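Per our numbering, the very first residue in the sequence shown carries number 39; after that it's consecutive. The C-beta atom is built at its ideal place from N, Cα and C for all residues, glycine as well. This structure is a prediction, so every number in the text was calculated from the model and none was measured. Structure first, commentary second.
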Amino acid sequence: MKANIILKLSIVALMISCLLTGCKKSNNSTDNYTQEIEAMKFLTENYPPFNYEEEVGIYGVSVDIFYGLLTNMNVSSNEISLELNEWETAYQKTLNEANTMLFSMVRIPDREHLFKWVGPIAPQKDVIIALKSQQIEITNAADLATHTIGVIAGYSNIAQLTNLGVPPSMLIEVNSLKSLYEGLVSGMFDCMAYSEVGHDLTIASMGYDKEDFDIAYTLQVTQLYFAFNINTSDDLIEYFQSVLDNFKMDKTEDGSSVYEKILNKYHVIQHIEDNITEQMVIDLVNTTASNLENDAPGTIAKINSGQAPYIDPVNPSLYAFAYDTTVTMRAHATNLLLVGVNFKGKTDAAGKAFRDEIIRGALAHGTGWEDYIYTKPDQSGLYYKTTYYKLSNASDGKQYVVCAGRYK
């Protein structure tokens, strides 16, 4: 991996829309934020698909999100640079040098007070990877301690492994992703720790055969963040966070956010079990439909204010929303940006006009289920989702299609 590669970013200047409510200006003007951002050094590493070097540029999920945030913050300078280092070098620079930011970093307790954080950007699942020919079986955490495991120096999965009881003597540190795979293939260690989502892209780029590898064990799902030097102003951190939050949530233009499109572009779509059953979803839809039939204005107001039972106080992934028959969103318990927007013909990030399908299904059959990809309100990422819908004849004389869903 080449270290210290500079990529000059050309970002088209756009004004922040009035939808960016919550973007705190504090005592700084937008111009002052721009000056602060232009004075910063931005650092990353080779960690596909989130950030990686290819030909003459640096690409990836986190890189594209970073570009998008700069655009929404009206940063147009051609002098902003993104520097690609090995992980430990980038980490130490961000830890010790003012006006630095590193991505993508896992936020763990040991790092919590060392940096200031903006995110999460996306989830990642750390796994143990072995050569299929070695027939390594790891069924529990205790088995991990019986194998030598390759890790990249400074990565958060080192702490995960030691917390699971793996002796430090069984962890073999290397300095780069290339060295990690070379060490596994050469027999330098029995298995290696890495991100599941990055594994397929990495082996393809390095010329390995996917069939030669096994996912031997799953460690845990963590969240990736932008990590800023601890001396970065709180105002700037709050500003970055508010722009990122809106970047994730604003689906008003064509049905899916730029954030969702980026995740879909790199095939970072997750399956997740959220402990929500089909019956829980059906019950919420039936309750909401019944309440609309008795008091439509009051029910819509309660949904839009995020009141129970229209959003589950324990699991916010269970929430109600409702369209009218023109595919206009009339109520949403987690995202007010969507209320009043007509979504006819607008799609999810994969191009499916699922909202139109929901309305057609409700008008034709009364109830049904529809699958699509969507974000979760309580964490980052893009997920497979299925939604139950029901046609309701409300007290205001209108028809609404009431919906709730579960991730799968």
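### Message
Considering only the alpha carbon of each residue, which of Lys286, Ile176 and Leu215 lies closest to Thr256?
### Response
Residue mapping note: residue 256 aligns to position 218 of the sequence shown, counting from 1. Distances from the CA of Thr256 to each of Lys286, Ile176 and Leu215 were compared; the closest alpha carbon is that of Ile176.
Notebook entry, point to check: So is Ala231 buried or exposed if we call it buried at 16+ other beta carbons inside 10 Å?
Noted result: Here the question's residue 231 lines up with position 193 in the sequence shown. The residue is buried, with at least 16 neighbouring Cβ atoms inside 10 Å.
| What residues match up with Asn201 in a beta bridge as DSSP calls it? | Taking the sequence shown and counting its residues from 1, one reaches residue 201 at position 163. The partner list for Asn201 (beta bridge, DSSP) is empty, contrary to what the question assumes.
Item to complete: Determine the direct distance from the alpha carbon of Lys170 to that of Gly221, and round the result to whole angstroms.
Response: If you number the sequence shown from 1, residue 221 lands on position 183. If you number the sequence shown from 1, residue 170 lands on position 132. Cα to Cα, Gly221 sits roughly 15 Å from Lys170.
*Using 10 angstroms around the beta-carbon of Lys343, count the other beta-carbons present and answer buried if the total reaches 16, otherwise exposed.*
As a working note, residue 343 is residue 305 in the sequence shown. Here residue 343 turns out to be Ser, not Lys, going by the sequence shown. Its Cβ having fewer than 16 others within 10 Å, Ser343 is exposed.
_With distance defined between alpha-carbon atoms, name the residue in Val94, Glu93 and Asn123 nearest to Phe80._
Taking the first residue of the sequence shown as 1, we reach residue 80 at position 42. Check the Cα spacing between Phe80 and each of Val94, Glu93 and Asn123: the tightest is with Asn123.
Excluding the five sequence neighbours on either side, which residues of its own chain have a C-beta within less than 6 Å of the C-beta of Val323, listed in chain order? One-based indexing of the sequence shown puts residue 323 at position 285. Only Tyr426, Lys428, Val440 and Ala442 meet the Cβ criterion.
Note to self: Taking the straight line between their C-alpha atoms, what separation do you get for Asp164 and Glu234?
What the structure shows: Here residue 164 corresponds to residue number 126 of the sequence shown, with the count starting at 1. Here residue 234 corresponds to residue number 196 of the sequence shown, with the count starting at 1. Their Cα atoms are separated by approximately 6 Å.
Point to revise | Straight-line gap, Trp125 to Arg149 (C-alpha atoms, nearest Å) | key: Residue mapping note: residue 125 aligns to position 87 of the sequence shown, counting from 1. Residue mapping note: residue 149 aligns to position 111 of the sequence shown, counting from 1. Inter-residue distance for Trp125 and Arg149 is about 15 Å (C-alpha atoms, whole angstroms).
Count the other C-beta atoms from every protein chain shown that fall within 10 angstroms of the C-beta of Ala180, then say buried if there are 16 or more, exposed otherwise. By one-based count along the sequence shown, residue 180 stands at place 142. Classification for Ala180: exposed.
So Phe251 and Ile167 are in contact, right, with Cβ under 8 Å, and what is the actual spacing, rounded?
Residue 251 sits at position 213 when you count from the first residue of the sequence shown. Residue 167 sits at position 129 when you count from the first residue of the sequence shown. That pair is a contact at about 6 Å.
- Query: Under the rule that 16 or more other beta-carbon atoms within 10 Å means buried, what is Glu298, buried or exposed?
  - Reply: Indexing the sequence shown from 1 puts residue 298 at position 260. Counting Cβ neighbours within 10 Å, Glu298 comes out buried, since at least 16 surround it.
Between which residues of its own chain and Leu202 is the CB-CB distance below 7 Å, once the five residues before and five after are set aside? By 1-based counting over the sequence shown, the position of residue 202 is 164. By the criterion of a C-beta distance shorter than 7 Å, Leu202 is surrounded in its chain by Ala179 and Leu182, once the five residues flanking it on both sides are discounted.
Quiz prompt | Own chain partners of Gln258 with C-beta closer than 7 Å, once the 5 adjacent residues on each side are dropped | solution = Against the sequence shown, residue 258 aligns to sequence position 220. Contacts found: Asp164 and Gln198.
**Message:** Given a cut-off of 8 Å on the beta-carbon distance, is the pair Ile241 and Met208 in contact?
**Reply:** As a working note, residue 241 is residue 203 in the sequence shown. As a working note, residue 208 is residue 170 in the sequence shown. Result no, Cβ atoms of Ile241 and Met208 do not sit closer than 8 Å.
What do you reckon, are the CB atoms on Ile268 and Phe153 nearer than 8 Å? The sequence position of residue 268 within the sequence shown is 230, counting from 1. The sequence position of residue 153 within the sequence shown is 115, counting from 1. Cβ atoms of Ile268 and Phe153: closer than 8 Å.
- Query: Under 8 Å between the Cβ atoms of Met367 and Leu376?
  - Reply: Taking the sequence shown and counting its residues from 1, one reaches residue 367 at position 329. Taking the sequence shown and counting its residues from 1, one reaches residue 376 at position 338. Contact flag set, yes.
- Item | Extent of the continuous alpha helix (DSSP H) run through Arg398 | Counted from its first residue, the sequence shown places residue 398 at position 360. From DSSP, the alpha helix (DSSP H) with Arg398 extends over Phe392 to His403.
Exercise. Taking all protein chains shown into account, decide if Gly157 is buried (16 or more other Cβ within 10 angstroms of its Cβ) or exposed.
Key: For the purposes of this step, residue 157 is taken as the residue at position 119 of the sequence shown. The residue in question, Gly157, is buried, as its Cβ has 16 or more Cβ neighbours within 10 Å.
### Query
Gln377 lies in the beta strand (DSSP E); which residues open and close that run?
As a position in the sequence shown, residue 377 is number 339, starting the count at 1. Position check: residue 377 holds Val in this sequence, whereas Gln was assumed. First-last for Val377: undefined, no H or E at that position.
Closest Cα partner of Glu316 within the set Asp283, Leu262, Gly404 and Lys446 = Counting from 1 along the sequence shown, the entry for residue 316 is found at position 278. The residue with the shortest Cα to Cα distance from Glu316 is Lys446.
Considering only their Cβ atoms, is the gap separating Tyr438 from Ile397 smaller than 8 Å? Within the sequence shown, residue 397 is the residue found at index 359, counting from 1. Within the sequence shown, residue 438 is the residue found at index 400, counting from 1. With respect to the 8 Å criterion, Ile397 and Tyr438 are not classified as neighbours on the basis of their beta carbons.
So Ser294 and Asp386 are supposed to be a Cβ contact under 8 Å. How far apart are they, rounded?
On the sequence shown, residue 294 is found 256 positions in, with the first residue counted as 1. On the sequence shown, residue 386 is found 348 positions in, with the first residue counted as 1. Contact check for Ser294 and Asp386: beta-carbon distance about 5 Å, within the 8 Å limit, so the pair qualifies.
| said: Quick check: what's the CA-CA separation for Thr59 versus Ser280? | reply: If you number the sequence shown from 1, residue 59 lands on position 21. If you number the sequence shown from 1, residue 280 lands on position 242. Since pLDDT at Thr59 reaches only 36, below the 50 mark, its modelled position is unreliable, and the value read off the structure follows with that caveat. Distance between the alpha carbons of Thr59 and Ser280: 8 Å.
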